[in-house]
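So the sequence shown is numbered by this note's numbering: it starts at 103 and just counts up by one. Note that the Cβ used here is the ideal one computed from N, Cα and C, for glycine as well.
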Amino acid sequence: MSITILTVPGLGSSGPLHWQSIWEQQYGYRRVEQREWEQPARPDWVAALDAAVRAAPGPVVLAAHSLACSTVAFWARRHDTSQVCGALLVAPADTERPDFPVRAVGFAPLPLARLPFPSIVVASTNDEYVTLARATEFARCWGSRLVNAGALGHLNSASSLGEWPQGHALLRELAASAEIG
């Protein structure tokens with residue numbers, strides 16, 4: 103059975119120039135849609151992720167960005183994760199920072215338990231929403247491999263990554279490991 107790739111956008115969703123949107127167009131990946139992108143409530147975001155995973159016809163690999171990385175961590179601690187065989191967690195926003203947007207409700211404190219599936223955290227050295235040290239802590243706690251992407255900001259549309267081949271290679275690595283395993 104083929105693997106379903108679900109993109110999981112963060113706050114505000116991902117615009118047309120974001121690597122998630124480009125991957126959806128180029129490869130047919132499915133987006134986890136949220137009812138409220140601008141004022142997210144954790145229970146709603148977690149429920150939407152759970153529904154998308156359960157609706158997939160087989161194994162799933164997640165490609166999450168920013169606040170969606172937190173969503174994945176919250177989802178993993180309370181839901182059936184057996185269908186998920188990997189997660190690419192890009193630019194995980196530090197929801198515990200005092201300057202984190204207050205319009206996001208219920209995303210702190212962040213779960214720091216080991217994720218029950220293979221994962222890769224990709225972090226930038228100059229991300230405005232998470233320090234490299236904090237992203238490193240997330241990766242360690244979640245049992246994720248850390249990839250330092252260099253000085254690429256929040257790894258979003260403003261980073262001008264285009265289709266972001268380096269990120270897609272990491273996603274393909276997770277998917278290939280799932281197909282072998």
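query	result
Grab the span of the beta strand (DSSP E) containing residue 110 for me, first residue to last.	106-110
Restricting to runs no shorter than 4 residues, where is the alpha helix (DSSP H) found entirely within the segment 232-256?	234-244
Give the straight-line distance between the Cα atoms of residue 264 and residue 114, rounded to the nearest whole angstrom.	18 Å
Kindly indicate which residue of 230, 158 and 266 has the alpha-carbon position closest to the one of residue 169.	230
Residue range of the beta strand (DSSP E) that residue 123 falls in?	From DSSP, residue 123 is part of no beta strand (DSSP E) but of the alpha helix (DSSP H) over 121-129.
What is the rounded straight-line gap between the Cα of residue 190 and the Cα of residue 241?	11 Å
In chain order, what residues of the same chain have a beta carbon less than 6 Å from the beta carbon of residue 214, not counting five sequence neighbours either side?	243
Starting from residue 221 and walking both ways along the beta strand (DSSP E), at which residues does that stretch end?	221-225
Express the C-alpha separation of residue 107 and residue 159 in angstroms, rounding to a whole number.	11 Å
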